[in-house]
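> Residues 92 to 404 (our numbering) are what the sequence shown spells out, left to right. Yeah, the Cβ is synthetic: ideal placement off N, Cα and C, and Gly gets one too. None of these values were measured; they are calculated from a predicted model. I'd like to ask you about the structure that follows.
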Amino acid sequence: MTVRRWIIGRGLLGRAVARARSEAAFAVDVPDWDDGGGTSAVLARALRRFVEAAGPDERLEISWTAGRAVTSTPPERVRAEVDVFRRFVAELAALPPAARARLTVVLASSVGGAYAGSRGAPFTEATPVAPASAYGEGKLAMEAALASATAEGGWTSLVARVTNLYGPGQDLAKAQGLISILTRAHVAGVPASIYVPLDTLRDYVYEDDAAQILSSAALRAAATAPGTTTVKIVGSGRAVSIGALIGELQRLNRRRGFIVLGRGDPRGQALDLRVRSRVWPDLDGLARTPLPEGLSRVYASQLATWARRPVAG
């Protein structure tokens with residue numbers, strides 16, 4: 092049975108998910124994600140087109156990788172994103188039974204959002220969640236909405252709790268992606284501020300590796316019983332301290348970057364976010380990009396972007 096894919100959100104992860112498999116993915120332009128009502132209307136119309144264009148023997152796979160919220164996003168902005176997702180899930184629940192029976196939904200969620208307040212790293216899918224920010228609460232609210240609708244609607248779903256994603260093309264405007272921010276400091280010679288201790292541990296997973304794990308897990312989730320939601324941690328399985336990350340960038344660049352240790356608000360930031368997936372662990376071998384190689388790609392990409400910048404005067 093062939094799979095008809097729709098990837099909602101074309102940021103770093105969404106673009107990588109689109110590359111992960113050969114079949115072309117359905118796409119729709121959302122003019123203004125800040126307009127919650129307008130976004131929901133666009134997605135509802137697109138959902139109807141997506142389902143109507145599918146053949147009767149095609150499986151339907153929808154991956155939600157959208158979202159601009161980060162740990163520091165105000166609660167009202169987080170709630171707005173959650174509301175858009177809930178309205179979309181309600182549209183899924185209203186699909187004809189024949190469509191729901193062929194449907195798998197993938198939600199890209201967050202390890203940091205789910206486990207920021209948890210104790211006893213390394214965390215697994217069985218670790219009780221403990222959000223420490225509105226961002227984390229929002230991610231878990233989206234997970235809960237999807238799981239409830241999946242059970243009632245009879246489709247299958249995958250919740251992919253992704254660790255710290257990185258790669259060329261990270262959106263620096265989101266104030267997210269420590270690797271990209273530190274790399275920019277080296278390339279542009281501008282200071283980078285860090286508001287957590289240098290011994291803070293994070294799992295960094297390269298964009299294409301995360302997409303391969305997520306995409307393979309989606310195919311496996313499609314074979315589970317109707318109404319099932321599977322939660323899987325998606326990461327490299329290797330934790331690195333921020334201090335070690337800075338050291339690797341200095342080795343790559345052969346000089347020290349300008350790093351400022353700030354006094355920002357650390358709420359929502361855990362010191363230790365080591366993880367170990369217990370769900371379909373054989374898929375974790377798809378995380379094949381060593382951190383030095385991934386950092387080199389990010390550095391080369393930003394160096395090329397910096398060289399193409401307009402020069403004043």
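Would you kindly report the start and end of the unbroken beta strand (DSSP E) that includes tryptophan 371?
No beta strand (DSSP E) holds tryptophan 371; DSSP gives it neither H nor E.
> Determine the direct distance from the alpha carbon of isoleucine 98 to that of arginine 345, and round the result to whole angstroms.
Rounded to the nearest angstrom, the two C-alpha atoms are 39 Å apart.
> CB threonine 321 to CB alanine 313, shorter than 8 Å?
No, they are not a contact pair.
> Return the chain-ordered list of same chain residues with a C-beta closer than 7 Å to the C-beta of glycine 268, the five sequence neighbours on each side being excluded.
Taken in chain order, the residues that qualify are Tyr257, Gln261.
> Could you check the C-alpha separation between glycine 280 and alanine 398 for me, to the nearest Å?
Spanning the two alpha carbons is a distance of roughly 13 Å.
> Count the other CB atoms within 10 Å of the CB of alanine 240; is the residue buried (16 or more) or exposed (fewer)?
So alanine 240 counts as buried.
> Could you tell me the alpha carbon to alpha carbon distance between arginine 388 and threonine 274, rounded to whole angstroms?
In a straight line, the C-alpha of arginine 388 is about 11 Å away from that of threonine 274.
> Please report the Cβ distance between serine 248 and valine 196, rounded to the nearest whole angstrom; I am assuming they are in contact, meaning their Cβ atoms lie under 8 Å.
Between valine 196 and serine 248 the Cβ distance is about 5 Å, and since that is below 8 Å, they are a contact.
> Should the region 166-174 be called in touch with the region 196-205, which here means at least 3 C-beta pairs below 8 Å?
In short, these stretches do not touch, since the Cβ pair count stays below three.
> Let's test the definition: count the other Cβ atoms within 10 Å of the Cβ of threonine 37 and tell me whether it reaches 16, buried, or not, exposed.
Past the edges of the chain, shown from 92 to 404, lies residue 37, and the structure says nothing about it.
> Smallest Cα separation from leucine 103: which of Thr162, Asp299, Ala330?
Ranking Thr162, Asp299, Ala330 by Cα distance to leucine 103 puts Asp299 first.
> Can you list the alpha helix (DSSP H) stretches of 4 or more residues lying completely in the region 96-149, in chain order?
As far as the region 96-149 is concerned, its whole alpha helix (DSSP H) runs of at least 4 residues are 103-111, 127-144.
> Is the distance from the Cβ of proline 222 to the Cβ of alanine 207 below 8 Å?
Contact: yes.
> By how many angstroms is the C-alpha of glutamate 172 removed from the C-alpha of alanine 160?
Going by the C-alpha atoms only, they are around 8 Å apart.
> On the DSSP bridge list, what partners appear for threonine 320?
Answer is Ser248.
> Residue ranges of each beta strand (DSSP E) run of no fewer than 3 residues wholly in the region 270-300, ordered along the chain?
Listed in chain order, they are 283-285, 292-297.
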